[in-house]
Amino acid sequence: MTARRRADAPRVALITGASRGLGSTIARFLAGQGYSVIANARTAGPLRREAAQLLAVGGRPIEVAGDVARADVRRRLRLAAERLGRLDLLVNNASELGPSPLPPLARFPLRALERIYRTNVVAPVALVQELRPLLARSRGRIVNISSDAAVGGYPGWGGYGASKAALDLVSRTLAHELAEDGISVVSVDPGDMRTAMHQAAYPGESIADRPLPEVTVPFWAWLLGQDPRRVSGHRFRAQAETWEVPA
Amino acid sequence: MIGPGSAATWPRFPEADRPPEERGLARDAVRLLVSTGDGEVDRRFADLPTLLRAGDLLVVNDSATVPASLPARGDAGEFLLNLSTEYGPGLWLAEPRWGVGRPGPLPLRVGDRFRAGSLEARVVGAFPGIPRLRFVRLRGNVRATMARRGRPIRYGHLAEVRPLADYQTIFARSPGSAEMPSAGRPFTPSLLDRLRARGISVASITLHTGVSSLELEPAATAAVPIYPEPFEVPVATVEAIAAARCRGGRIFAVGTTVVRALESTVGPGGLRPGRGFTRLYLHPGRSVRAFDGLLTGLHDARSTHLALMAAVVGADRLESAYRGAAARGYLWHEFGDSHLILPEATALPSAAS
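Residue numbers (this note's numbering), protein chains in the order written: chain W, 83 to 329; chain F, 64 to 416.
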């Protein structure tokens, strides 16, 4: 009886950095499909407002406020998923951009650089360590949010970009290491978007020509429709002209 | 000048409201406008073998049309749910409409539930930039429900209900198109025999078309996104194209769907096999690399099609060809006449009939 209820229970997705921008877009798309969304963000106020939105579209949101760079926050995220009894999707979206305006690497404040790596590389790995048994039980998916800065070499983007390049390699490695658990891992470059983070990278400049994060919704629809084993280990660009299934 | 933004000045053309079979013609008896480097000549589709050369290759779309229009009912009342594209198990992009000639919009919000055929449905979200298209989640066997309750999608200019067979081409193998990939419709078994006898071969790609909902296409749409469609360019087709080029043959794309599939997987290293979704937008200024000629229908003022055609033919050449065809009574739309665009260097074929 219990097992049957669990199999019929709504799918569960955990999204970090879910209170705004891309994280909010993904959370709403999943909630609209009936996912229970465990929504995480650093500050409680915006997260509460986002949770109200998720509730309005029919989701069953659970808020966990706090910085994913902290072990106690990650533990609370795991407990939330354990209470729901399953975890089908982990989206490592929370990211640290670094100082605004973006400093060149030769003058990059090292504490800020360490902070970027803690949030963008160490925290996603730590969350995978924390959530692996739950993900394995659902043969779940991990989506790590990358950036074109991971391959670009753009001046000023060295701190953030290098952390995302590291995350790309984390994704590829995890895809191999977690295959035996049936867990799929992909890396997604969402492309330039009109978000608070993108604005912080270009203080005082207009970014009105960039699309809103909703532009990525068809990509998430496509990605989640693919056989997870086929796409695992691959990197996708959400705003690319074509999304190809690897041969 | 034809291209994005000029559709408002594009004249209206006479439309075929019935298949040629009901006008007393065989499928391959429709007219064929032939554009050469020197201008246009008038032929019949059945003349195709005489207009091509031994060694040429036709690439066709083998997608089959599905009965994608389902009766639906919800708080808003009764409506149609036209299924456009399957994204994954149970997740579809769809266009809810009040009826065949009444597009909407419908007051459907994210999270709303309704029934489509016998299926439970739920609105997941809007398609970015095209709010008339919604993602919906359907519970149950969608294909079986389509087979039982679905009808081919149709719009105002075709008020009559027609059998699904009218919307299938001879190449239809892989079910999934919301609307017929119509460029292949005039082909018949006997025409294929005569093409083969002339040394002209056929290879296929798959591209499942989404809804077109003509009357809702904005006039000036440079900024309107094309929604992605599922496609596959198989290994065998890449090999057939390479072999044709090797023997000096030319590659003819049959339809804009084939153009989009081929151009989606062509790169600096040439054409490669591929499978996924594409929203490739071909427009003047973007080079065409994967084929030499095009066999297609006569396209109305949907600017994405016009832009694609202008990219292939050149805007001025296309406009003069279309104006001439309209003056000579060619019929537009999926049941209408066809257009063969030969590579620029091709001489006018000697009299074929």
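Built from N, CA and C at the ideal position, the CB exists for glycine as well. Model, not experiment: these values are computed from the prediction.
Quiz item: Per DSSP, what kind of secondary structure is T272(F) in: helix, strand or coil?
Solution: coil
Exercise. Identify each residue in the stretch 321-351 of chain F for which the Cβ-Cβ distance to at least one residue of chain W is less than 8 Å, and report them in chain order.
Key: S327, T328, P336, G337, R338, G339, F340, T341, R342, L343, Y344
Practice problem: List the residues of chain W whose Cβ lies closer than 9 Å to the Cβ of P198(F), in chain order. | Solution: Going by the sequence as given, residue 198(F) is Phe instead of Pro. Those within 9 Å of F198(F) in chain W are F111, G114, Q115, V299, P300, A303.
Quiz item: Using a Cβ cut-off of 8 Å, which residues of the stretch 147-162 of chain F contact any Cβ in chain W, in chain order?
Solution: E149, Y150, G151, P152, L154, L156
Quiz item: Is the beta carbon of V129(F) less than 7 Å from the beta carbon of R217(F)?
Solution: no
Quiz item: Name the residues in the stretch 264-291 of chain W whose C-beta lies less than 9 Å from a C-beta of chain F; which are they?
Solution: none
Quiz item: Which term fits F392(F), buried or exposed, when burial requires 16 or more other beta carbons within 10 angstroms of its beta carbon?
Solution: A small fix is needed here, since residue 392(F) is Gly in this sequence, not Phe. So G392(F) counts as exposed.
Practice problem: Under 7 Å between beta-carbons, which chain F residues line up against V327(W)? List them in chain order, please. | Solution: R338, G339
Quiz item: Which partner residues does A184(F) have in the DSSP bridge list?
Solution: F177(F), L201(F)
Quiz item: Based on the DSSP output, what are the partners of G311(F) in its beta bridges?
Solution: Its beta-bridge partners do not exist; DSSP assigns none.
Exercise. Verify the CB distance criterion: does G140(W) have a CB-CB separation below 7 Å to chain F?
Key: yes
Practice problem: Run the CB neighbour count on E85(F), radius 10 Å, all protein chains shown included, and call it buried at 16 or more, exposed below. | Solution: exposed
Exercise. Let me know if D175(F) comes out buried or exposed under the rule of 16 or more other beta-carbons within 10 Å of its beta-carbon.
Key: buried
Exercise. Count the other CB atoms, across all protein chains shown, that sit within 10 Å of the CB of R94(F); report buried if there are 16 or more and exposed otherwise.
Key: buried
Exercise. Keeping to the same chain, check which residues put their C-beta closer than 7 Å to that of E278(F); ignore five residues upstream and five downstream.
Key: For E278(F), the pLDDT reaches just 46, beneath the cut-off of 50, and the residue's location in the model is therefore unreliable, although a value from the coordinates is still provided. Excluding sequence neighbours, E278(F) sits near P166, Y218, G219.
Exercise. Can you pull the chain W residues whose beta carbon is under 9 Å from the beta carbon of R185(F), in chain order?
Key: G114, Q115, G116, G140
Self-check item: Collapsed DSSP secondary structure at N175(W) in the structure displayed
Solution: coil
Quiz item: Since L306(W) meets chain F, which of its residues come closer than 7 Å, beta carbon to beta carbon?
Solution: G151
Practice problem: Leaving aside the five residues before and after L256(W) along the sequence, list all residues of the same chain whose C-beta is less than 6 Å from its C-beta, in chain order. | Solution: V267
Quiz item: If we ignore side chains and look at the alpha-carbon of each, how far apart do D379(F) and I314(F) end up?
Solution: 23 Å
Practice problem: Mind checking the stretch 240-256 of chain W against chain F and listing, in chain order, the residues whose C-beta falls within less than 7 Å of any C-beta there? | Solution: none
Quiz item: With a Cβ-Cβ cutoff of 7 Å, do A384(F) and S98(F) count as a contact?
Solution: yes
Quiz item: Alpha carbon to alpha carbon, what distance is there between M275(W) and S350(F)?
Solution: 28 Å
Quiz item: Considering only residues of the same chain and omitting the five flanking positions on each side of R93(W), which have a CB-CB separation below 6 Å?
Solution: Y117, D170
Quiz item: When DSSP builds the beta bridges, which residues end up paired with I193(F)?
Solution: F190(F)
Self-check item: Buried versus exposed, by CB contacts within 10 Å (16 or more), S181(F)
Solution: exposed
Self-check item: Beta-carbon proximity check, V139(W) vs A113(W), cutoff 7 Å
Solution: yes
Self-check item: N- and C-terminal bounds of the beta strand (DSSP E) containing V122(F)
Solution: 120-124
Quiz item: When you compare only the Cα positions, how much space is there between S245(W) and E196(W)?
Solution: 10 Å
Quiz prompt | Beta-carbon separation (whole angstroms), L121(F) vs V317(F), contact threshold 8 Å | solution = 6 Å
Self-check item: 7 Å Cβ cutoff met for F340(F) and P406(F)
Solution: no
Quiz item: Comparing the C-beta of P194(F) with each C-beta of chain W, is any distance below 7 Å?
Solution: no
Practice problem: Report the neighbours of E132(W) on chain F: residues whose CB is nearer than 8 Å to its CB, in chain order. | Solution: By Cβ distance, chain F contributes nothing, its closest Cβ being about 14 Å from E132(W), past 8 Å.
Self-check item: Neighbour-count burial assignment, H258(W), 16 or more Cβ in a 10 Å radius
Solution: exposed
Practice problem: Following the continuous alpha helix (DSSP H) through E326(F), name the residue where it begins and the one where it ends. | Solution: 319-328
Quiz prompt | Beta-carbon separation (whole angstroms), L294(W) vs S269(W), contact threshold 8 Å | solution = Going by Cβ atoms, the distance from L294(W) to S269(W) rounds to 22 Å, so no, they are not a contact pair.
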